[in-house]
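Residues in the sequence shown are numbered consecutively from 1, following the UniProt record's numbering.
Shown next, in structure tokens, is the structure this report addresses.
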Amino acid sequence: MPKNDLYFDDEDEGLARETSHPNFVALAGDDFYYDSGDDFSPFGSDDGSDAFSALQDWYGENKSGKGIVKFMNEFLAGWGLDVPWDRIQHDLDARTQWLDEDAMHKHFFQSECRAIVATAFGQLKIAGRIDAELLGLAKAAIADQLWLNARARIKYPKWEFADQEHARLEQMLAVLNQPSVG
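Laid out in structure tokens, this is it:
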């Protein structure tokens, strides 16, 4: 329910249009945005769900939403995954090398990307807008996930969910590219 123009889900009901900011409802109209069991939705993966839950708690004490990127960075640091963003964000060779060093690195990278996207969509769902810095991070995280999807298609050409994940990522990116999110 709205609290000072903020919208929070009912714990018993879960994700719902009725408990979402009208701007989120207008931009994120597809059912998958409200499906907590859909791994390819912003809040459906464990990573996205955990990030969104923590974000709702954070908003309970930070109504203005100021400092959301700091919140997200501290939240991710709490996971202790140690994704070397400074090394891999803009250097695909370094990223590929890091991912190939350990099978878990792909999961760590994907988890942090999903949490970043969930934080951005969570802010849109709660407050009806996304902080400019967070918006840039979320767009980059979706681009990173699209890159991982392309890489997975090469490694696992029979992956049956590749098209579904790709389509959802493109749909989310289209929402983030709307002028009314910022």
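Ideal Cβ positions, reconstructed from N, Cα and C, are used throughout, including at glycine.
A direct Cα-to-Cα measurement between Pro179 and Ala162 gives close to 29 Å.
DSSP places Tyr156 in the coil class of the three-state scheme, outside both helix and strand. For Ser49, the enclosing alpha helix (DSSP H) begins and ends at 46 to 61. One Cα belongs to Trp159, the other to Ser45, and the distance between them is close to 18 Å. When the Cα atoms are used, Asp91 and Asp30 turn out to be separated by approximately 34 Å. In this structure the region 75 to 91 does not lie against the region 9 to 24, because fewer than three pairs of beta carbons, one per stretch, are closer than 8 Å. In the DSSP assignment, Gly14 forms a beta bridge with Asp10. DSSP, reduced to helix, strand and coil, places Ser111 within a helical segment of the structure shown. In this structure, the CA atom of Gln110 is about 7 Å from the CA atom of Gln145. In the assembly as shown, Lys125 is a buried residue. Its beta-carbon has 16 or more other beta-carbons within 10 Å. Restricting attention to Ala51, Gly182, Asp38, the CA atom closest to the CA of Glu112 is found in Ala51. The three-state reading of DSSP puts Ile130 in coil, since its state is none of H, G, I, E or B.
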